[in-house]
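Undergrad:
2 protein chains.
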Amino acid sequence: MVEQTAAVLDQYSIRMNDMLEWLSGYGADEQGGVTRLLYSREWIAAQEALSSYMKEQGLETFYDQAGNLTGRLVGSNPDLLPVVTGSHIDTVICGGKYDGTYGVVAGILALAYLQQVYGPPVRTIDVISLCEEEGSRFPLTYWGSGNIAGNYSMERIPAVSDREGITLEEAMSAAGFGPDSPYRSCLRSWDAYIELHIEQGFVLERSQQQIGIVNGIVGQRRIRVSVGGESNHAGTTPMGWRRDSLACAAEMITCIRHSALEMGDPLVATVGSIQPSPGVSNVIAGETIFTLDIRHLDRKVLDEYTDKLQQKLRKIASQEGMDMYWEENLNIDPVLMHPDIITDLQHICESSGIACRTMPSGAGHDAQVLGSQRPAAMIFVPSRQGISHNPLEYTADEDLMQGFRVLTEWLYQYAYRGECHETL
Amino acid sequence: MVEQTAAVLDQYSIRMNDMLEWLSGYGADEQGGVTRLLYSREWIAAQEALSSYMKEQGLETFYDQAGNLTGRLVGSNPDLLPVVTGSHIDTVICGGKYDGTYGVVAGILALAYLQQVYGPPVRTIDVISLCEEEGSRFPLTYWGSGNIAGNYSMERIPAVSDREGITLEEAMSAAGFGPDSPYRSCLRSWDAYIELHIEQGFVLERSQQQIGIVNGIVGQRRIRVSVGGESNHAGTTPMGWRRDSLACAAEMITCIRHSALEMGDPLVATVGSIQPSPGVSNVIAGETIFTLDIRHLDRKVLDEYTDKLQQKLRKIASQEGMDMYWEENLNIDPVLMHPDIITDLQHICESSGIACRTMPSGAGHDAQVLGSQRPAAMIFVPSRQGISHNPLEYTADEDLMQGFRVLTEWLYQYAYRGECHETL
């Protein structure tokens, strides 16, 4: 283990808090949250501030054309590809201080710490502040990591616009990035990626564990289910003669929940939105549309469950004499985290006596984009009450520091001692 | 039975069709429907046209201060209070040709027919075009019949406005009515009221019956049910740890339907509107609000069912660890039609070989307002596919004429021969 004395850890805990507080000033909004949208003035200022801070820690820094900012701790062996940690600092509108930002801040501090105690590593370590994850300004997610992974490129910039009609290309160019900027094109060669992030759920908090070792980021299917019945007068139509689409949808929602509970974790199935038509208290709904969000870590299980569920819902519709339309509008593959890094992280937690659990991530992260190309891993710390994307987002100092310790330890074992190298 | 020869009936059938067509020109809208809102230019013109038509039929006519238009066939015995038939000619926005209008038109033609064949009656017969039933311009219903029944008065005109901010009082005054108009105040003395109306449901059509004899207008309770759970991320919150308000509401909706089916006709219970919050596909709904509309002919059954249902829903909420709020915002008493008139009408149908059923009205009508003061009755004719409040509203000529026949026969028996007088 690295020497994590109480005094040194206390010092880094203070720095972590200071940095999170300091960064939350970039984009502080009137609601007490942080609004730092891609390529906005606040976002540019925050990246610049981070760049300066990285330099002060003795890191080499560089942007790429998309606006991803890297801080580099150069290793002694130039033949080894860099190992990368980091996350993103863009936020949702009125978000919290921790989502993404924590992973960037903790990554910079981890490199500072390692350099302070051990000097340069064998393998180069990069900390990256990815230029977009949330998709809260433009209707696309993972623009930053997507450019690195090759999902996007400067040759084909998506023709999307923000709410004010500004295109992604215009905004990127105005921020000083893009194909005509002085920056180099995106990195395409790296060894592995490890991201420290808040859980954005309450599993760790409720199970009183401090670290979540992510075994994968769930695949996701989103479906729009439409139930077609017959709209009639709520007073003049006897119960037995109705074709009530909302009543039928209610049976379906119950079926969805029960079948998901039966399937067990990590499967989740959610109906979050429902719209009966005409949606008036004294009229039987002729058509009801609801959304269905299904997630699982295993592609096969996700698909089998979804297929069986569709059959069940069709049976309910048929029994009730209803029409049913099933329209899928999102289908994302699960991405597994690398099993060797998972094992490394489990060992680190065990030997440090940290209460941890191996768990899937139900939310999407840059690690799933980078993890589709190269080995990736994620470390979760608890989110108080599971709250995220909200000014009330909070993680206790002690938990922030446990995440920092596990990240630092793994980077030390990996980049200084090469302990895990053979397996990747 | 009155002498309803084929030739005479054919003649009245043509007149009925002509009149319905002619009236639908007052307020004909671009969608092919009729929009004739209270005190609008179209409504005033239609009442005036009806007034002229009534005079041509030899009826005395008069308005009251509210704008109700009466056509009177004066009886030979001035000691007998008038028997009244009629309905309303105001419509919903983009309504059909039959709702209300049919009862007014058939009433005028019934008086014309009786006078043509039998001369003046013993008891005075009034046909009334009530000045508002739908509540489609102002947020109040039964303004016309309510003034007659004493629920409203010119001394206390409700302070309501239409969508353009015009008050009821302003609109009434601009139309030439109101307390300062030359018209007399509303009639408060009448003997009985009988209203011919389209069913606005599909029970008669599907059961292949031509006449519905209404035994009562159902009471109605409207409740806003709010289910409070916990809003969480749809990806990061395991199924077993959720407090999903929409899933709980779905269980409740199923319970509502099943309990209503179990209770049997004429009870109906409808959830027509539901609003989960935040209502986003990837967020578990923290709160879900839905409407509940319950109707029954028997006050006691309506209340017992509603109370038991509330208990059941509270039990579901409790089992799911949810909060539930129950807010009633409408509670209308059932109004029974007069049993003797029901018997009269049943006899008329039987002796004429008309397929009829005795049935409740699930929708509200002026007959419930006037019926709260004096004996009332309603005759229904089939609505094609149960469609109403829509340009597609339609009743076949043959059915329109059966309604006319039954109404005319009852008025003849009642006002000419005094056959039912003793019992009322």
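From first to last, the protein sequence lines stand for chains A and B.
My numbering applies: residue 1 is where the first sequence begins, and numbers increase by one.
My numbering applies: residue 425 is where the second sequence begins, and numbers increase by one.
We put the CB at the ideal spot given by N, CA and C, even for glycine.
At 3 residues or longer, and completely inside the stretch 50-130 of chain A: list those beta strand (DSSP E) runs for me, N to C.
TA: With a minimum length of 3 residues, the continuous beta strand (DSSP E) runs that stay inside the stretch 50-130 of chain A are 60-63, 69-73, 83-88 and 125-130.
Undergrad: What first and last residue would you give for the alpha helix (DSSP H) that runs through E327 of chain A?
TA: Element bounds for E327 of chain A: not the alpha helix (DSSP H) but the beta strand (DSSP E), D323 to I332.
Undergrad: Counting pairs of beta carbons, one from the stretch 241-261 of chain A and one from the stretch 348-364 of chain A, are three or more of them closer than 8 Å?
TA: Touching, no.
Undergrad: Measuring only the C-alpha atoms, how far is Y416 of chain A from A159 of chain A?
TA: Looking at the two C-alpha atoms, the distance is approximately 43 Å.
Undergrad: Taking buried to mean at least 16 other C-beta atoms within 10 Å of its own C-beta, is I14 of chain A buried or exposed?
TA: When all chains shown are included, I14 of chain A counts as exposed.
Undergrad: Identify the contact partners of I253 of chain A in chain B, using a Cβ-Cβ distance below 8 Å as the criterion.
TA: Simply L670, A671 and A674.
Undergrad: Could you check if G519 of chain B is buried or exposed, using at least 16 other CB atoms within 10 Å of its CB as the buried criterion?
TA: Looking at its Cβ environment, which holds 16 or more other Cβ atoms inside 10 Å, G519 of chain B is buried.
Undergrad: Give me the chain B residues within the contact set of D397 of chain A, using Cβ-Cβ distance strictly less than 9 Å, ordered along the chain.
TA: Within 9 Å Cβ-Cβ: nothing; D397 of chain A doesn't reach chain B, min ~22 Å.
Undergrad: Quick one: residues in its chain with C-beta nearer than 6 Å to the C-beta of N282 of chain A, no 5 flanking neighbours on either side, listed in chain order?
TA: These residues qualify, in order along the chain: A234.
Undergrad: So which residues on chain A does G520 of chain B lean against when the C-beta distance must stay under 7 Å?
TA: Residues of chain A passing the Cβ test: none, with the nearest at roughly 13 Å.
Undergrad: When the cut-off is 8 Å and only beta carbons count, does G527 of chain B lie next to chain A?
TA: So, not an interface residue.
Undergrad: I'd like the span of the alpha helix (DSSP H) that includes P763 of chain B, first residue to last.
TA: That run of the alpha helix (DSSP H) goes P763 to S776.
Undergrad: Rounded to whole angstroms, how far is the Cβ of V381 of chain A from the Cβ of D399 of chain A, which I believe are closer than 8 Å?
TA: Between D399 of chain A and V381 of chain A the Cβ distance is about 5 Å, and since that is below 8 Å, they are a contact.
Undergrad: So who's on the other strand from I284 of chain A, going by DSSP bridges?
TA: None; I284 of chain A has no bridge partner.
Undergrad: Under 7 Å, CB to CB, which of the residues in the stretch 779-813 of chain B have a partner in chain A?
TA: Answer in chain order: G786, A787, G810 and S812.
Undergrad: Kindly confirm or deny that the stretch 676-687 of chain B and the stretch 735-742 of chain B touch, where touching means at least three C-beta pairs closer than 8 Å.
TA: With a cut-off of 8 Å, the stretch 735-742 of chain B and the stretch 676-687 of chain B count as touching, because enough Cβ pairs lie within range.
Undergrad: For T167 of chain A and S161 of chain A, I'd like the C-alpha separation in whole angstroms.
TA: Spanning the two alpha carbons is a distance of roughly 4 Å.
Undergrad: Using only CA atoms, which one of B:W446, B:R808 and B:S812 lies nearest to E629 of chain B?
TA: Of the listed residues, the one whose Cα sits closest to E629 of chain B is B:R808.
Undergrad: According to DSSP, simplified to helix, strand and coil, what is T847 of chain B?
TA: The pLDDT assigned to T847 of chain B is 42, lower than 50, so where the model puts this residue is not dependable; a value taken from the coordinates is nonetheless given after this. The answer is helix: DSSP assigns T847 of chain B an H, G or I state.
Undergrad: Taking only beta carbons into account, state which residues of the stretch 186-213 of chain A come closer than 9 Å to chain B, listed in chain order.
TA: Residues passing the 9 Å Cβ filter: E199, Q200, G201, F202, V203 and R206.
Undergrad: So, does the CB of M663 of chain B fall closer than 8 Å to a CB anywhere in chain A?
TA: For M663 of chain B, the answer is yes, since a Cβ of chain A falls inside 8 Å of its Cβ.
Undergrad: Going by C-alpha to C-alpha distance, which of A:G286, A:R72 and A:N232 sits closest to M54 of chain A?
TA: M54 of chain A has its Cα closest to that of A:R72, out of A:G286, A:R72 and A:N232.
Undergrad: Listed from N- to C-terminal order along the chain, which residues in the stretch 726-748 of chain B have their beta-carbon within a distance smaller than 8 Å of any beta-carbon of chain A?
TA: The stretch 726-748 of chain B vs chain A, Cβ under 8 Å: nothing.
Undergrad: Using only alpha-carbon positions, find the residue among B:Q435, B:E751 and B:G810 that is nearest to Q632 of chain B.
TA: Per the Cα distances, B:G810.
Undergrad: Pull up the distance between the alpha-carbon of L392 of chain A and that of H197 of chain A, whole angstroms please.
TA: Rounded to whole angstroms, L392 of chain A to H197 of chain A spans 16 Å at the Cα level.
Undergrad: To the nearest angstrom, how far is it from the Cα of S878 of chain B to the Cα of W567 of chain B?
TA: Absent from the structure is residue 878 of chain B, since the part of chain B shown begins at 425 and ends at 848.
Undergrad: Whose Cβ in chain B lies nearer than 9 Å to the Cβ of L336 of chain A?
TA: Within 9 Å Cβ-Cβ: nothing; L336 of chain A doesn't reach chain B, min ~16 Å.
Undergrad: Where DSSP assigns a beta bridge to I438 of chain B, which residues make up the other side?
TA: None, per the DSSP bridge assignment.
Undergrad: First and last residue of the alpha helix (DSSP H) that includes H789 of chain B?
TA: Element bounds for H789 of chain B: n/a, residue is neither H nor E.
Undergrad: Is the separation between the beta-carbon of G229 of chain A and that of M322 of chain A shorter than 8 Å?
TA: Yes, the pair counts as a contact, with Cβ atoms nearer than the cut-off.
Undergrad: Output needed for A470 of chain B: all residues of its chain with C-beta closer than 8 Å, excluding positions within five of it in sequence on either side, in chain order.
TA: These residues qualify, in order along the chain: L447, Y450, G451, R460 and I513.
Undergrad: Taking 8 Å as the threshold (C-beta atoms), are G786 of chain B and T565 of chain B in contact?
TA: No, the Cβ-Cβ distance between T565 of chain B and G786 of chain B is not below 8 Å.
Undergrad: Is the Cβ of L504 of chain B closer than 8 Å to any Cβ of chain A?
TA: Output row for L504 of chain B: interface = no.
Undergrad: One question on the structure: do S511 of chain B and L794 of chain B come within less than 8 Å of each other, judged by their Cβ atoms?
TA: Not in contact: S511 of chain B and L794 of chain B (Cβ atoms no closer than 8 Å).
Undergrad: Does chain A have any CB closer than 8 Å to the CB of H657 of chain B?
TA: At least one chain A Cβ lies under 8 Å of H657 of chain B.
Undergrad: Curious, which full-length alpha helix (DSSP H) runs of at least 4 residues does the stretch 657-735 of chain B contain?
TA: You should have 669-687.
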